[in-house]
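A.B. asks: At position 67 of the sequence shown (counting the first as 1) the number is 68 in this note's numbering, and the numbers step up by one without a gap.
Just so you know, even glycine gets a beta-carbon here, dropped at the ideal spot from N, CA and C.
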Amino acid sequence: MNPVVALNLSLILLLPWYLVLGIVYWRTRRKPATSAQRLFDAAALVLAVVAAAFGGYWGMANADPHAGAIWKQVLASLLGYGLFLAVLTLAFLCRRRGPSATP
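(1) Kindly indicate which residue of 2, 3, 33 and 10 has the alpha-carbon position closest to the one of residue 56.
(2) Report the three-state DSSP secondary structure of residue 1 (helix, strand or coil).
(3) Would you mind reading off the limits of the alpha helix (DSSP H) that contains residue 9?
(4) Measuring CA to CA, which of 43, 68 and 52 is closest to residue 28?
(5) CA-CA distance, residue 93 and residue 26?
(6) Report yes if the CB atom of residue 82 is closer than 8 Å to the CB atom of residue 15, and no otherwise.
(7) Enumerate in chain order the residues of its own chain whose CB-to-CB distance from residue 84 is below 6 Å, with the five nearest sequence positions on each side excluded.
(8) Alpha carbon to alpha carbon, what distance is there between residue 21 and residue 48?
(9) If I'm right that residue 62 touches residue 76 with Cβ under 8 Å, what's the distance once you round it to whole angstroms?
(10) Should residue 23 be labelled buried (16 or more other beta-carbon atoms within 10 Å of its own) or exposed?
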């Protein structure tokens with residue numbers, strides 16, 4: 002397998018699912034969003050994909066080499082997916098909380 006593809010395989014395989022979750026996240030706002038809220042949502046989605054890629058790269062680099070090649074991919078996918086969900090969950094909770102009122 003091409004080393005570049007092997008390194009990015011966890012991201013490539015889960016990218017359609019990330020797209021589905023990103024669309025659900027984008028569309029779950031109850032009232033129309035302001036431009037600041039849209040910017041927050043876009044930044045959260047970009048950060049989630051970057052975190053997923055970072056988790057995948059970290060998993061590939063730190064997986065046990067004696068466990069076999071498939072387990073590198075499994076670890077990279079799990080870490081990437083977990084980080085993607087963690088970022089989106091935090092963004093969703095921050096979005097539900099709304100801006101704090103400062104006097």
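C.D. replies: Taking the structure as given:
(1) 10
(2) A question about residue 1 goes unanswered here, because the residues of the chain that appear run from 2 up to 104.
(3) 4 to 28
(4) 43
(5) Their backbone Cα atoms lie some 8 Å apart in a straight line.
(6) yes
(7) 52, 53 and 56
(8) 16 Å
(9) In fact, because the Cβ distance is near 10 Å, the residues do not count as touching under 8 Å.
(10) buried
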